[in-house]
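In this text, residue positions in the sequence shown follow UniProt numbering: the first is 1, and each later residue adds one.
The structure appears below as structure tokens.
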Amino acid sequence: MMAGVMDWEERLSELRKRTDSDFCAVAIYAASVRQIRWVAASGYTNEKFRYMVNRPSQGIAGDVIRIGRTVQKTCLSDEHQRRDGDYMMLAEHLIVTAATAIQQEHGEIAGILLMGRRKGEIYGASELTQLESAAEHFWEKIERQQS
1 MMAGVMDWEE
11 RLSELRKRTD
21 SDFCAVAIYA
31 ASVRQIRWVA
41 ASGYTNEKFR
51 YMVNRPSQGI
61 AGDVIRIGRT
71 VQKTCLSDEH
81 QRRDGDYMML
91 AEHLIVTAAT
101 AIQQEHGEIA
111 GILLMGRRKG
121 EIYGASELTQ
131 LESAAEHFWE
141 KIERQQS
């Protein structure tokens, strides 16, 4: 288990550097209990992400679950982040985030891949494409962990 998480963190670190992000994280979505659990991150300022469990109605990860596609979000106020239930943005002091679904082969969502910046520069199309491409590789890692 620990070796798998370290491999995830290496992949997240690579994505963070390629996209000029300050933070990247991966979550596993358990549809049966409607929970999004963050399992690995890179560029974190604290370890609060390890204890975060979200519902599909909360934050940018919930937006991805509900909409089923890549979402980008900018948020300048802590109050807005609290109201929206975006505790990851709040805990990591993120201003801009982008997240996409990690999909299983048959299209069901298995997890969320998130990247964020602590400055206000939004992500461009090529960075969002890199996020989506990285998400395809994370499905293999989630599948291996679950088996």
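Virtual Cβ for every residue (Gly too), placed ideally from N, Cα, C.
For residue 52 and residue 21, the rounded distance between their alpha carbons: 21 Å
Enclosing beta strand (DSSP E) for residue 71 [first to last residue]: 71 to 74
Buried or exposed, going by whether 16 or more other CB atoms sit within 10 Å of the CB of residue 54? buried
For residue 61 and residue 99, believed in contact at Cβ under 8 Å, the rounded distance: 6 Å
Let me check one thing: in DSSP terms, what residues is residue 53 bridge-paired to? 37
Distance, residue 116 Cα to residue 95 Cα: 7 Å
At which residues does the alpha helix (DSSP H) containing residue 62 begin and terminate? 59 to 67
Could you tell me the distance, in whole angstroms, from the CA atom of residue 129 to the CA atom of residue 135? 10 Å
Please look up how many angstroms separate the CB atoms of residue 34 and residue 24, rounded, as I've assumed it's under 8 Å. Contact flag wrong, Cβ pair sits at about 24 Å.
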